[in-house]
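Numbering-wise (the numbering used here), the sequence shown opens with residue 1478 and increments by one. Just so it is clear, CB atoms sit at the ideal spot from N, CA and C, and this is done for glycine as well. Computed from a prediction, not measured in an experiment: that's the story for all the values here. Inspection log for the structure reproduced underneath, given as structure tokens.
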Amino acid sequence: MSSPAPDENHVRIRFEEVVQRFRVIRERPDTLREAFSHLFRRRTSYYNFEALKGLSFSIGDSEVVGIVGRNGSGKSTILKVIAGVYRPTSGVVNISGRVAALIELGAGFHQDLTGRENIVLNGLLLGFSKQHIREREQQIIDFAGLGEFIDSPVKQYSSGMYMRLGFAIATEVDPDILLIDEILAVGDAAFQKKCSERIQEFCARGKTIVFVSHSATSVRAICQRALLIDAGKIIEDGPADDVMTHYEELSQQPAGT
1478 MSSPAPDENH
1488 VRIRFEEVVQ
1498 RFRVIRERPD
1508 TLREAFSHLF
1518 RRRTSYYNFE
1528 ALKGLSFSIG
1538 DSEVVGIVGR
1548 NGSGKSTILK
1558 VIAGVYRPTS
1568 GVVNISGRVA
1578 ALIELGAGFH
1588 QDLTGRENIV
1598 LNGLLLGFSK
1608 QHIREREQQI
1618 IDFAGLGEFI
1628 DSPVKQYSSG
1638 MYMRLGFAIA
1648 TEVDPDILLI
1658 DEILAVGDAA
1668 FQKKCSERIQ
1678 EFCARGKTIV
1688 FVSHSATSVR
1698 AICQRALLID
1708 AGKIIEDGPA
1718 DDVMTHYEEL
1728 SQQPAGT
């Protein structure tokens, strides 16, 4: 099952036969002697693993698309390719617009800097001027709701506090594309409601959101469309409710079936 392709003039994300291959080390030497012995072995101690196997899809303006699948299926790899963390081994990736990514808790934060200082750092990394960031700083702080902890080093933050600050920054800098990888699950119910409301606001303004989650409830509530990934391939692309039903059935099967 496949969803209709978005209008060519409104495509934000396009993958064409994308392959992402990693070199996986079979064994790691424990001692210096073993490390030297590996230098003189003719047999290689690694193998190539294809996390993505020729993926093709497109996502347009205003779409909120869920990416679902079992652990190791390639979901987070797709987000990292979109974010530019990985360069695909082969295939074509076209991204139109500014991307903000919430892929890993604490990613992009300097552990010894305060929350306030990390707001500036993240804004600069996203290409904004310091003045522009300062103009949005209070809105970010208010949304995150961290109180006096905003002036504490982020290494003292809980996972929920990381998520609050990361989401507040990513959504306040007004990206064209927002990538979210499961981390909303660490927030409390009240903050998750705030996040859902902001996501709906983004949709109304024509933004594109790609959401990775294992939660069928979250995907059905947030997304209109979903991609089901298994072993690096798209096995279904369609309305979120239909895809999640298939995903729930797949989740009951042993891996590799």
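So residue i is in the beta strand (DSSP E); what residue range does that whole segment cover?
i	result
residue 1577	1576 to 1579
How close, in whole Å, do the beta carbons of residue i and residue j come, if the pair is a contact with beta carbons under 8 Å?
i	j	result
residue 1725	residue 1693	6 Å
residue 1659	residue 1691	7 Å
residue 1679	residue 1655	6 Å
Any idea which residues DSSP pairs residue i with across the strands?
i	result
residue 1707	1710
residue 1716	1702
residue 1540	Residue 1540 is not bridged to any residue.
residue 1688	1543, 1657
residue 1524	1501
residue 1491	1535, 1571
residue 1530	1496
residue 1591	1630
When you compare the CB positions of residue i and residue j, do they come within less than 9 Å of one another, or not?
i	j	result
residue 1529	residue 1496	yes
residue 1631	residue 1639	yes
residue 1576	residue 1555	no
residue 1525	residue 1492	no
residue 1536	residue 1490	yes
residue 1727	residue 1705	yes
residue 1657	residue 1620	no
residue 1579	residue 1710	no
residue 1769	residue 1591	The question about residue 1769 has no answer, for the chain in this structure spans 1478 to 1734.
residue 1683	residue 1539	yes
residue 1612	residue 1593	no
residue 1547	residue 1714	no
residue 1585	residue 1572	no
residue 1677	residue 1542	no
residue 1645	residue 1618	yes
Starting from residue i, follow the alpha helix (DSSP H) in both directions and report where the run begins and ends.
i	result
residue 1620	1607 to 1621
residue 1649	1636 to 1649
residue 1675	1666 to 1681
residue 1562	Premise fails: residue 1562 is in no alpha helix (DSSP H) and is neither H nor E.
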